[in-house]
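Peer 1: In the numbering used here, the protein residues as written are 0 to 146. Glycine included, C-beta positions come from ideal geometry on N, C-alpha and C.
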Amino acid sequence: MADVRKSRVVIVASRFNESITRRLVEGAQRTLERAGVPPSQMTIWWVSGAFELPVAVAVAVTRLKPAAVIALGCLIKGETPQYLTIGQAVASGLTHVSVTTGVPVTFGVIIADSLRQAAARAGGSVGHRGREAASAALSAIELFHHA
0 MADVRKSRVV
10 IVASRFNESI
20 TRRLVEGAQR
30 TLERAGVPPS
40 QMTIWWVSGA
50 FELPVAVAVA
60 VTRLKPAAVI
70 ALGCLIKGET
80 PQYLTIGQAV
90 ASGLTHVSVT
100 TGVPVTFGVI
110 IADSLRQAAA
120 RAGGSVGHRG
130 REAASAALSA
140 IELFHHA
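See the structure below:
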């Protein structure tokens with residue numbers, strides 16, 4: 000079993016829709032702490048919007064050499080379908096960083112039609128994407144430790 004207490008984990012979160020993303024960050028932190036990752040091994044970076052997540056994750060991977068990165072954000076439908084375009088770009092960018100660097104990047108970006116839907120996915124009735132992304136990061140750390 001990997002010693003997660005020695006694993007650096009970076010959380011990169013979007014400030015846009017911060018009432019939701021702050022909950023995601025808190026849930027991810029709690030999940031990591033419960034698994035034994037001390038706060039000293041966690042680094043949290045905030046970016047302005049979800050579109051900035053891929054580049055921030057790429058810089059974090061290069062500079063901080065983490066065992067995993069957790070990307071958290073929230074895109075909510077407005078009057079146009081721009082949120083879908085941004086969501087696809089973010090997912091593609093994060094996948095690219097993970098595949099090209101070999102560092103697991105987990106996807107905790109909520110893409111929702113309404114604030115109510117987003118809240119339901121940030122600790123409400125539909126789960127908690129922050130906790131889920133942190134759990135996925137821990138699983139990846141364990142898997143890659145044995146690979």
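Just reading off the beta strand (DSSP E) that G107 is part of, what are its end residues?
Peer 2: Element bounds for G107: 104-111.
Peer 1: Are the CB atoms of I110 and G86 within a distance shorter than 8 Å?
Peer 2: Taking 8 Å as the Cβ cut-off, G86 and I110 qualify as a contacting pair.
Peer 1: At what residues does the alpha helix (DSSP H) containing V89 begin and finish?
Peer 2: V89 -> alpha helix (DSSP H) spans 81-100.
Peer 1: Look up T42 in the DSSP assignment and give the residues it is bridged to.
Peer 2: In DSSP, T42 forms a bridge with V9.
Peer 1: Tell me the DSSP secondary structure of A67 in three-state form.
Peer 2: DSSP places A67 in strand when its eight states are reduced to three.
Peer 1: According to DSSP, which residues form a beta bridge with L74?
Peer 2: The partner list for L74 (beta bridge, DSSP) reads I110.
Peer 1: Tell me the rounded alpha-carbon separation between G100 and V60.
Peer 2: Checking the sequence, you will find Thr at residue 100 rather than Gly. One C-alpha to the other measures close to 8 Å.
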